[in-house]
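Take a look at the structure below.
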Amino acid sequence: MPFYTTNDGVQINYHSYGQAGKQALVFINGYSASEVTWAFQIDFFVSAGYRVITYDHRSHGQSQEVDYGMTLHRLATDLEELMTFLQLEKPILVGHSMGAATIMAYEELFTDARLTAIVTEDQAPTFMKAKDWMDGNTGKTLGELEHFIRDFPRTKLTNRQLTGQVKRVLGKGMLPFDFQKHQDLLQNVITQDWRKNLTRERVPHLFLAGGHSPIFPPEHAQAARKLQRNTLSEVSVFEDCGHILHVENIEAFNEKLLTFIEKIV
Numbered sequence: 001m002p003f004y005t006t007n008d009g010v011q012i013n014y015h016s017y018g019q020a021g022k023q024a025l026v027f028i029n030g031y032s033a034s035e036v037t038w039a040f041q042i043d044f045f046v047s048a049g050y051r052v053i054t055y056d057h058r059s060h061g062q063s064q065e066v067d068y069g070m071t072l073h074r075l076a077t078d079l080e081e082l083m084t085f086l087q088l089e090k091p092i093l094v095g096h097s098m099g100a101a102t103i104m105a106y107e108e109l110f111t112d113a114r115l116t117a118i119v120t121e122d123q124a125p126t127f128m129k130a131k132d133w134m135d136g137n138t139g140k141t142l143g144e145l146e147h148f149i150r151d152f153p154r155t156k157l158t159n160r161q162l163t164g165q166v167k168r169v170l171g172k173g174m175l176p177f178d179f180q181k182h183q184d185l186l187q188n189v190i191t192q193d194w195r196k197n198l199t200r201e202r203v204p205h206l207f208l209a210g211g212h213s214p215i216f217p218p219e220h221a222q223a224a225r226k227l228q229r230n231t232l233s234e235v236s237v238f239e240d241c242g243h244i245l246h247v248e249n250i251e252a253f254n255e256k257l258l259t260f261i262e263k264i265v
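The numbering of the sequence shown is our numbering, which starts it at 1 and goes up by one.
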């Protein structure tokens, strides 16, 4: 099992599939999840001629369990170090939920100069209720965020029924996650506001949303798209999906992502 070591001494589990030198796609998982959630994207995109990178955040999956550096900006630095370690040139970053927020933190630290494109899956630029965000009709107050953190481990994130094969693969590969120990990371994720990041982006951005997400209303994707200026950016709502599009509707997710990528590379 390959690992690289971050500059603060954490061993990060990663896997690389396909040929070096091909356009690289880096898949970034959400809070509490592991790289195994991308199992049904690997062969599809390698067969399409791309290099696929998956990895586990610190204290997730097979990566080293630690009690430090559990912030989005540290996760973004881990991502930058992985890209440097693998000598990736102009990768496309695909982030689900907290993985998408990790991309936003990455841009804040490093800009998007090193990237070809960005894909964010069911992650609004802010969780917070604000008068200047979607007319103040969505989001949570600070008090409501406390309940969200408490209830998250018991929240059903999917809407579509997962297939038996998907359940077997995820069940075999997912490892326990210490929600109690790492509540601070979730708090760090949900108290950010990345709207100004979007106004500064220069690369194409695909905004994906689940029509029945328990986390965000699907309109967040179009609202976020309006903040972003690249003419190649797109919005796609998977009407019958919940929060985890890439396992709920694998075929549609892969085809949409491939169509977007082929338009820009």
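In this text, a Cβ means the ideal position worked out from N, Cα and C, and glycines have one as well. Since the structure is predicted, the reported quantities are computational estimates derived from the model, not experimental observations.
Residue i, enclosing alpha helix (DSSP H) - first and last residue
i: Tyr68; result: Careful: Tyr68 lies outside any alpha helix (DSSP H) and carries neither H nor E.
i: Asn254; result: 250 to 264
i: Leu109; result: 98 to 110
i: Ala221; result: 220 to 225
For residue i, the residue or residues it bridges with in DSSP
i: Gly210; result: Phe238
i: Tyr17; result: Val52
i: Leu93; result: Val26, Ile118
i: Gln11; result: Thr5
i: Glu205; result: Here residue 205 turns out to be His, not Glu, going by the sequence shown. Per DSSP, Ile118.
C-alpha distance - residue i paired with residue j, whole-angstrom precision
i: Pro217; j: Gly210; result: 8 Å
i: Leu75; j: Arg58; result: 7 Å
i: Gly173; j: Val36; result: 6 Å
i: Arg168; j: Asn29; result: 18 Å
i: Thr5; j: Ile12; result: 6 Å
i: Pro2; j: Thr54; result: 11 Å
i: Arg150; j: Gln19; result: 43 Å
i: Gly21; j: Ile92; result: 13 Å
i: Gly171; j: Pro214; result: 22 Å
i: Val119; j: Val94; result: 5 Å
i: Leu145; j: Gly139; result: 9 Å
i: Ala223; j: Glu107; result: 19 Å
i: Lys121; j: Gln180; result: Note that residue 121 is Glu in the sequence shown, not Lys. Roughly 25 Å between the two C-alpha positions.
i: Glu219; j: Lys226; result: 11 Å
i: Asn249; j: Thr158; result: 10 Å
i: Gln165; j: Phe238; result: 21 Å
i: Ser236; j: Leu208; result: 5 Å
i: Glu65; j: Gly143; result: 29 Å
i: His246; j: Thr231; result: 25 Å
i: Thr126; j: Val203; result: 20 Å
i: Ile178; j: Ile42; result: Here the sequence assigns Asp to residue 178, which means Ile is not the residue at that position. Straight-line Cα distance between these residues: approximately 27 Å.
i: Arg229; j: Leu115; result: 16 Å
i: Leu162; j: Ala221; result: 24 Å
Limits of the beta strand (DSSP E) - the one that residue i falls within
i: Thr191; result: Unbroken run through Thr191: none, as it is neither H nor E.
* Asked: Which ranges would you report for the alpha helix (DSSP H) in the stretch 33 to 86 if only whole runs of at least 4 residues count?
  -> 39 to 47, 72 to 85
* **Segments of 4+ residues assigned as alpha helix (DSSP H) that fall wholly inside the stretch 126 to 179** => 142 to 151, 164 to 173
* Counting pairs of beta carbons, one from the stretch 38 to 53 and one from the stretch 177 to 184, are three or more of them closer than 8 Å? -> no
* Any contact of the stretch 194 to 210 with the stretch 78 to 85, i.e. 3+ C-beta pairs under 8 Å? -> no
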